[in-house]
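Presented below is the structure to which this report refers.
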Amino acid sequence: MSDNLGLAQLSDHLLIVAVVVYSLAMLAYAGDFAYGRRVKAAGAAGKAARPVPELAGVGASGGAATPGTPEGPEQPTAAVPPAATADSAPGDAGRLGPLIRGAIALTYLGLAAHVAGVITRGLAVHRVPWGDMYEFITALTCVTVIFFVALMMRYRAWHLGVFVMGAVVVALGLAQTIIYTPAGPLVPALKSYWLAIHVAAMTLSVGIFFVAAVLGVVYLFAERYSRRAAAGLSPANHGIMRRLPSAVELDRLTYRTVVFGFPIWTFGIIAGAIWADQAWGRYWGWDPVETWAFITWVIYACFLHARATAGWRGRRAAYIQLIAFGCLLFNVLVVQTFLTGLHSYAGLG
Amino acid sequence: MPLFPSSHAARRAVGAAAMAVAGVLGVAACGGQIAANTPASNGNNFVSGNGTSSYFKAGSRLAAPAVSGSTLSGARLSLSSYRGKVVVINFWGSWCAPCRSEAPTLAVLSEQYQSKGVRFVGVDIRDSPASARAFVQNFGISYPSLNDPADEIALAFRHTVPPAAIPSTLVIDRNGQIAGRVIGQTSYSSLGNILAKVTAGG
Amino acid sequence: MTDVRSPQAGNGAAAPGVAEEPADVAGETIAGVADETETPRPGGFGAVAWARWAWRQLTSMRIALVLLFLLALGSVPGSLLPQQGIDPAGVQQYFTAHPALAPFLNALGLFNVFAAPWFAAIYLLLFVSLAGCVLPRSFRLARTARARPPQAPRHLSRLPNSVRYETAMTTEEASAAAAAFLTRRHFRLSQGEGWLSAEKGYRREAGNLLFHVALMGVLVSIGLGGLFGYKADRLLVEGTSFADTVTDLDAYHPGHLVSPNDLAPFSLTLDKFSASYVASGPDRNQPESFNAHVSYTAQPGDAARTYDIQVNHPLNVDAVKVYLLGHGYAPVFRVTDGQGKVVYDQATPFLPADQSTYLSEGVVKAPDAKPQQLGFAGVFLPTAVDVSGQLESAFPAPYLPAVSMIPYVGNLGLNNGVPQSVYQLNTTGMHRLATPVQVLTPGQSMKLPGGAGTLTFTGYRQWVSLQVTYDPGQVPALISGIAALAGLVLSFLVRRRRIFVRTYRGDSGRTVVDVAGLARSDVGGGFEAEFGELAAGLKSVHDHDSSPRSEETE
Chain A
1 MSDNLGLAQL SDHLLIVAVV VYSLAMLAYA GDFAYGRRVK AAGAAGKAAR PVPELAGVGA
61 SGGAATPGTP EGPEQPTAAV PPAATADSAP GDAGRLGPLI RGAIALTYLG LAAHVAGVIT
121 RGLAVHRVPW GDMYEFITAL TCVTVIFFVA LMMRYRAWHL GVFVMGAVVV ALGLAQTIIY
181 TPAGPLVPAL KSYWLAIHVA AMTLSVGIFF VAAVLGVVYL FAERYSRRAA AGLSPANHGI
241 MRRLPSAVEL DRLTYRTVVF GFPIWTFGII AGAIWADQAW GRYWGWDPVE TWAFITWVIY
301 ACFLHARATA GWRGRRAAYI QLIAFGCLLF NVLVVQTFLT GLHSYAGLG
Chain B
350 MPLFPSSHAA RRAVGAAAMA VAGVLGVAAC GGQIAANTPA SNGNNFVSGN GTSSYFKAGS
410 RLAAPAVSGS TLSGARLSLS SYRGKVVVIN FWGSWCAPCR SEAPTLAVLS EQYQSKGVRF
470 VGVDIRDSPA SARAFVQNFG ISYPSLNDPA DEIALAFRHT VPPAAIPSTL VIDRNGQIAG
530 RVIGQTSYSS LGNILAKVTA GG
Chain C
552 MTDVRSPQAG NGAAAPGVAE EPADVAGETI AGVADETETP RPGGFGAVAW ARWAWRQLTS
612 MRIALVLLFL LALGSVPGSL LPQQGIDPAG VQQYFTAHPA LAPFLNALGL FNVFAAPWFA
672 AIYLLLFVSL AGCVLPRSFR LARTARARPP QAPRHLSRLP NSVRYETAMT TEEASAAAAA
732 FLTRRHFRLS QGEGWLSAEK GYRREAGNLL FHVALMGVLV SIGLGGLFGY KADRLLVEGT
792 SFADTVTDLD AYHPGHLVSP NDLAPFSLTL DKFSASYVAS GPDRNQPESF NAHVSYTAQP
852 GDAARTYDIQ VNHPLNVDAV KVYLLGHGYA PVFRVTDGQG KVVYDQATPF LPADQSTYLS
912 EGVVKAPDAK PQQLGFAGVF LPTAVDVSGQ LESAFPAPYL PAVSMIPYVG NLGLNNGVPQ
972 SVYQLNTTGM HRLATPVQVL TPGQSMKLPG GAGTLTFTGY RQWVSLQVTY DPGQVPALIS
1032 GIAALAGLVL SFLVRRRRIF VRTYRGDSGR TVVDVAGLAR SDVGGGFEAE FGELAAGLKS
1092 VHDHDSSPRS EETE
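From first to last, the protein sequence lines stand for chains A, B and C. Letter by letter, the first sequence follows residues 1 to 349 of the numbering used here. Letter by letter, the second sequence follows residues 350 to 551 of the numbering used here. Letter by letter, the third sequence follows residues 552 to 1105 of the numbering used here.
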């Protein structure tokens, strides 16, 4: 069955369009930081168009405000008083400036092109579109953007978009330049339904961990900002930091993202072991990619435990999470391509 | 304040059990790793032994299975025709260096013990008949060898005393029971000792 | 903060915010002793006291995490350096490339990390630590699984999440309504005079423990495989067969408790091997499919059955699996020696030197040739073409097979008893015969000078390399893995919550209802919203039902 070159070309073009549109979106997000209207205080209770699930743009306070009950005048008694006026509560959809609304629209547009590009690639090669390194990266960045959009639709912190878009643009750019391989058939060892299962799980979980890593980096900046603010120092980046969720909320968001991705990663390793047993005769052989997947798993497990240990929450846990993602990147980019092993299906060279 | 409020005895039992399983894992771990998901790359393509010999005392010997086949010259040969004699079965191949090294020893021993009622039979493995015949002629092997390309004869020994390498030598006593085995290249002294004991009625 | 004592649970409960039990996978606030506070040094200097202190340290979560991290760290050199079990040639190369560094690394065991004693020590300690922590907790869970929640604290308004409101119902009706509401929400209740305690999320601890017990199960399964499993390799030429005995295997790696008697007694014949390759386009020469058609018997004497072994489709015989790993060509040669006798007549496996064109290299050894031993070394080309004077293979399928061999006479070195590679010729005791390089097609012969003999290339066959694997720990490992995943998901999804309700007559004469909530695990946040919804629901129940009714029906 020959590959459809026309569709393959269409896929390449769509993905280039996606990169360009994402870059524009990133510029629009950044532009909103610099030039966006300063929206005045919206109290956390009762004024939001929808109740905001526990995300309030509180800079320094540790606890989260308790949202008021939708009906009824009784105010909940709380140990921590409700949030003071926030500069632009990220929950106010009606208050988003034109720049950020343009950025959101561009994000959706880019995502549509991205999804179309992945699908057409799959149609062109008559199989699931994650059979070599290039396809893997395009698919996982697609998962990243979808997950980010879902997250932001729930938590409304669209200003995080600048970081996510930036990371995705870099990844896609890398994929399309250095890592690019033309559409082609799979080697016999990959012709198994496990390709769809194992690599799909890896694509999903790496895409989700990508979001968590970006959030983790933003968290570190937010945490530093709130520490300096609490210490009374005049903090830099005041304009940016005001629009982002608080450090505590970013920390929780990061945690929940990792919690979402970790079982999928675990499932991916198990599926990979089952496939390895069918193809290579053993379910675990300390192949470099297997070893690094195990290392990544262990460090994410350390992160999950650290988050629960006093003294290791916050910054230290964030470092652990970033180390884990670093191992993951090392696994995907370096180990699979340069180290000899059974996983050398990247399609390079 | 104890970490776990369960009883001391339960904790000790758990600790002991954990240690036991850990010990099992430890044995599994040290050395002898099952590795290699690619074919063996030393290229020898056979499992060679180190020459250890074992002798089984009368009374604790296992009965040898029925062995028969066609020889290199095409004749039919069966172990049952040697009942009442001591039989030495040697697994060999002309391509196998330790087999070539022990061939002169076997030739000498076969002639030496002929008069004591010992018969040698070879089992030729993974060989072409041309190479095997050239080998027999080269080393002056006077005893017959069974041609066994499918390795059925070694398979027949799996419940008893299997040949565990190439070359391997099995010694069957006059009652058809397995009296000794040499794994790997045999030497004059190691096989000679076994033969001396078996022919003496041991 | 009010102390929440729980006489039924049996363990001394600590204040909310510090869990009374050791923490879970997704993290709750943690086990008091090991992580929040320093374990007090043992009072005396006795060996037992020290041993007990050491045991407690070993089974603490902090040490378990350290061990886990060390396990990951220890795996790093195992992935970056060539490993003896997987790539022995690479290890040799490393030694020649780094003559000073390599012996030092070898002494540390870094060329065989996963079998090294220190690596084994790490995961054994981890296993012990895990077992020592998880098993007592499992026993405790079994004992307390049906326990009721503790009594509600006296001053609910002091808790961080609490609500107070008034209702027209009587205190009894309000309590009953609250009880019904919470029961509908799957809470487990305990009630008393004017107070109500509700708790749910007990399955979380079960999921957590299941995950950790399953991890131990994975370790045990790996151990099982290492003890009772074995792995063997065999290269098989078309038309030949082999039996699963040590004498008939190329390589044999038994587990520690495996003896040759334990090998499954199957026999297998390679009837035909076929491979197809991409003929044109950018992926030309890439393999498309491999198929080894075999017939086999599970036991001697059984009826023969057939099977097509392919990559990703191993043959399963009596729980032993036979995998197709690779393939190649075995040209058939006939060697006649100087005395006119045929001393060699069989298919000789050649190893592919070029993976895209399958140009293969190999040797022929005729150690019983007279008057002198003969050896040949050369190449086999599946599709031989002449490219500007150079002989090359254009395609991996055998469209134009040809060989070119170099003859040697002398001493092959086989008679000294040292095993040699069947793919290489040791030419130290041999000298090359002076004859021009000849390319032979099937049927052609090469006559050696001086009457030393003749080499005839009669044809070719294909060979497959098979791997025989028996691993009794395979299925237990899979089951443990799935159980671990299930436990993980359960422990993430289920959240432990405690709700307290107190009803009493207020100063105004109406019933006052105090509702408070505690999250036993709130690492991910969000309990405030959840409590808000719950409190609102309770309030609406108490508001909607202002007429005295004794029972609230579900």
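Positions of the beta carbon are idealized from the N, C-alpha and C atoms, including for glycine.
{"Query": "DSSP three-state label for tryptophan 746 of chain C, please.", "Result": "strand"}
{"Query": "Count the C-beta pairs between the stretch 1080 to 1095 of chain C and the stretch 724 to 740 of chain C that are closer than 8 angstroms, then say yes if the count reaches three, no if not.", "Result": "yes"}
{"Query": "Could you give the residue range of the beta strand (DSSP E) that holds glutamate 912 of chain C?", "Result": "911 to 917"}
{"Query": "Suppose the cutoff is 6 angstroms on Cβ atoms and the five residues either side in sequence are ignored; what does the same chain contact list for threonine 588 of chain C look like?", "Result": "Residue confidence for threonine 588 of chain C is low, a pLDDT of 44 falling below 50, so the modelled location carries little weight and cannot support an answer."}
{"Query": "Among C/Ser1059, C/Leu976, C/Ala698, C/Ile1030, which one has its Cα closest to the Cα of asparagine 393 of chain B?", "Result": "C/Leu976"}
{"Query": "Look up tyrosine 974 of chain C in the DSSP assignment and say whether it is helix, strand or coil.", "Result": "coil"}
{"Query": "Can you confirm whether serine 494 of chain B, when its beta carbon is compared against all beta carbons of chain E, has any partner nearer than 8 angstroms?", "Result": "Reference to chain E is not applicable here, since the protein chains of this structure are A, B and C."}
{"Query": "Are leucine 1116 of chain C and tryptophan 1014 of chain C close, meaning C-beta to C-beta below 8 angstroms?", "Result": "In the structure displayed, chain C extends from 552 to 1105; residue 1116 of chain C sits before or after that span and is not available."}
{"Query": "Using 8 angstroms as the threshold, is the stretch 808 to 818 of chain C in touch with the stretch 826 to 837 of chain C, meaning 3 or more CB pairs across them?", "Result": "no"}
{"Query": "Determine the burial state of threonine 120 of chain A: buried for a count of at least 16 other Cβ atoms within 10 Å of its Cβ, exposed for fewer.", "Result": "buried"}
{"Query": "Which residues in the same chain as tyrosine 180 of chain A place their Cβ atom closer than 7 angstroms to its Cβ, once the five residues preceding and following it in sequence are excluded?", "Result": "Tyr134"}
{"Query": "How many Å lie between isoleucine 347 of chain B and arginine 885 of chain C at the Cα?", "Result": "Outside the shown range of chain B (350 to 551) lies residue 347 of chain B, about which nothing can therefore be said."}
{"Query": "Can a CB atom of chain A be found closer than 8 angstroms to the CB of leucine 814 of chain C?", "Result": "no"}
{"Query": "Does the beta carbon of leucine 786 of chain C come closer than 8 angstroms to any beta carbon on chain A?", "Result": "no"}
{"Query": "With a cut-off of 8 angstroms, does the C-beta of serine 450 of chain B fall near any C-beta of chain C?", "Result": "yes"}
{"Query": "Report yes if the CB atom of alanine 28 of chain A is closer than 8 angstroms to the CB atom of glycine 102 of chain A, and no otherwise.", "Result": "yes"}
{"Query": "Name the chain B residues whose beta carbon is nearer than 7 angstroms to that of valine 969 of chain C?", "Result": "Ala446"}
{"Query": "Is the distance from the Cβ of valine 168 of chain A to the Cβ of threonine 144 of chain A below 8 angstroms?", "Result": "yes"}
{"Query": "What does proline 865 of chain C reach in chain A if we use C-beta pairs closer than 8 angstroms?", "Result": "Gln278, Gly281"}
{"Query": "Using 10 angstroms around the beta-carbon of glycine 1057 of chain C, count the other beta-carbons present and answer buried if the total reaches 16, otherwise exposed.", "Result": "exposed"}
{"Query": "Can the beta-carbon of alanine 945 of chain C be found closer than 8 angstroms to that of valine 954 of chain C?", "Result": "no"}
{"Query": "Output, in chain order, the set of chain C residues within a Cβ distance shorter than 7 angstroms of alanine 412 of chain B.", "Result": "Per Cβ cutoff of 7 angstroms: no residues; alanine 412 of chain B is ~15 angstroms from chain C at best."}
{"Query": "Counting contacts by CB-CB distance shorter than 8 angstroms, is threonine 979 of chain C in contact with chain B?", "Result": "no"}
{"Query": "Among A/Ala175, A/Ala124, A/Gly31, which one has its Cα closest to the Cα of isoleucine 104 of chain A?", "Result": "A/Gly31"}
{"Query": "What first and last residue would you give for the beta strand (DSSP E) that runs through glycine 533 of chain B?", "Result": "Where glycine 533 of chain B is concerned, there is no enclosing beta strand (DSSP E), given that its DSSP letter is neither H nor E."}
{"Query": "Quick one: which residues of the stretch 787 to 799 of chain C get their C-beta closer than 9 angstroms to a C-beta of chain B? List them in chain order.", "Result": "Thr791, Ser792, Phe793, Ala794, Asp795, Thr796, Val797, Thr798, Asp799"}
{"Query": "I need the DSSP call for alanine 116 of chain A, collapsed to helix, strand or coil.", "Result": "helix"}
{"Query": "If you count every other CB in all the chains shown that lies within 10 Å of the CB of phenylalanine 303 of chain A, and 16 or more means buried, which is it?", "Result": "buried"}
{"Query": "Would the stretch 1011 to 1030 of chain C and the stretch 776 to 783 of chain C be scored as touching if the rule is three or more Cβ pairs under 8 angstroms?", "Result": "yes"}
{"Query": "Determine the DSSP secondary structure at lysine 1090 of chain C, reduced to helix, strand or coil.", "Result": "helix"}
{"Query": "Counting only beta-carbon atoms, is alanine 78 of chain A nearer than 8 angstroms to chain C?", "Result": "Because the pLDDT of alanine 78 of chain A is 32, which lies under 50, any placement of that residue in the model is unreliable, and the question is left without a value."}
{"Query": "Less than 8 angstroms between the beta carbons of glycine 131 of chain A and leucine 174 of chain A, yes or no?", "Result": "no"}
{"Query": "Measuring only between beta-carbons, confirm whether alanine 200 of chain A sits less than 8 angstroms from chain C.", "Result": "no"}
{"Query": "Could you give the C-beta distance for alanine 749 of chain C and arginine 739 of chain C, rounded to a whole number, given that I count them as a contact under 8 angstroms?", "Result": "7 angstroms"}
{"Query": "Considering only residues of the same chain and omitting the five flanking positions on each side of tryptophan 746 of chain C, which have a CB-CB separation below 6 angstroms?", "Result": "Ala703, Arg1053"}
{"Query": "Name the DSSP bridge partner or partners of serine 430 of chain B?", "Result": "In the DSSP output, where bridge partners are listed per residue, serine 430 of chain B has none listed."}
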